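Structure first, commentary second.
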Amino acid sequence: MSELNKDDMTPEEMRAPLLQAMLPHVAFDGWTSAALTLAAEDFGISDAMAELAFPRGAIEVLEAYLDTGDSALAAALEAKDLPSMKIKHRITVAVRTKLELETEHREVTQRTLAALALPQHLVLGSKTLWRTADTMWRAAGDTSTDHNYYTKRMTLSAVYSAVAVYWLGDESDDYEDTWAFLDRRIEDVMKIETAKYQMRKATENMPSLSRFLGHLRYPGA
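Per the working numbering, the very first residue in the sequence shown carries number 33; after that it's consecutive.
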């Protein structure tokens, strides 16, 4: 792209290519202003133009990267035949797909997790993790609106976090150890869900304790 064309670009149009130009530098410098400056230089624009594209600096580029990642995940999962799978396989595929999408920029993922663990970014990290889990569950066909909506996403957030950290340190061929670890975590969750279901079934026909106590207090009730 010529300098003239770049000069004609709007700040919004600069965002995506500038983000891509920043990724190689993030791997070494993290999500920092230094990495953004180097990206602007590589892209052939001034720091002032980069600031127009991302007024809040490197943290805004990070937010754009996270948004792009979840959009890519949703598109990738939509292309898979998830409805034909059992629910545990849908979730397994969702988590694996997310990590496979990150493989090209594994070092960036490591830098991203490190950045989101900083105190000033904990809110962003929590919101992003929740949104990723929500993207997976929606792709899996979840339509719950009660407390299950929250517990499913909390559980999947924990699973994905654990698997992502494991994956970053995995040096096995084709990440075979990670996929085995993922299978075990999903199996553990399914055992818990089965136990909860069996407990509900076992207690649904039991007399209500509150009603029993009410009868003791008000015999005619």
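Even for Gly, the Cβ is constructed at its ideal location relative to N, Cα and C. Computed from a predicted model, the values in this text were never measured in an experiment.
- Of the candidates Asp178, Ala171 and Ala190, Ala171 places its Cα closest to the Cα of Ile123.
- Secondary structure note for Pro151: it is in no alpha helix (DSSP H), with a DSSP letter that is neither H nor E.
- Under the three-state reduction of DSSP, Trp199 is assigned to helix.
- Spatial neighbours of Lys184 in its own chain (CB-CB distance under 7 Å, excluding positions within 5 residues in sequence) are listed in chain order as Trp169, Asp174 and Ser176.
- By the neighbour-count criterion, in which a residue is buried when 16 or more other Cβ atoms sit within 10 angstroms of its Cβ, Lys118 is exposed.
- A direct Cα-Cα distance of roughly 8 Å separates Glu219 from Lys120.
- Buried is the label assigned to Glu134, since at least 16 other Cβ atoms lie within 10 Å of its Cβ.
- Thr160 places its beta carbon less than 8 Å from that of Leu148.
- DSSP places Glu136 in no alpha helix (DSSP H); its state is neither H nor E.
- Linking Phe213 to Glu203 through their CA atoms gives a straight-line distance of about 13 Å.
- The Cβ atoms of Lys130 and Leu105 lie closer than 8 Å to each other.
- Taking a 10 Å sphere around the C-beta of Ser116, we find fewer than 16 other C-beta atoms and assign the residue as exposed.
- By the C-beta density criterion, Val191 is buried, having at least 16 other C-beta atoms within 10 angstroms.
- Each of Ala67, Pro56, Glu92 and Leu68 was checked against the Cα of Leu156, and the nearest Cα belongs to Glu92.
- When DSSP states are grouped into helix, strand and coil, Ser193 belongs to the helix group.
- Of the other Cβ atoms in all chains shown, 16 or more fall within 10 Å of the Cβ of Ala72; this residue is therefore buried.
- Contact between Met46 and Ala90 is absent: CB atoms are separated by about 15 Å, not below the 8 Å threshold.
- Straight-line spacing of the CA atoms in Ile77 and Glu44 works out to 14 Å.
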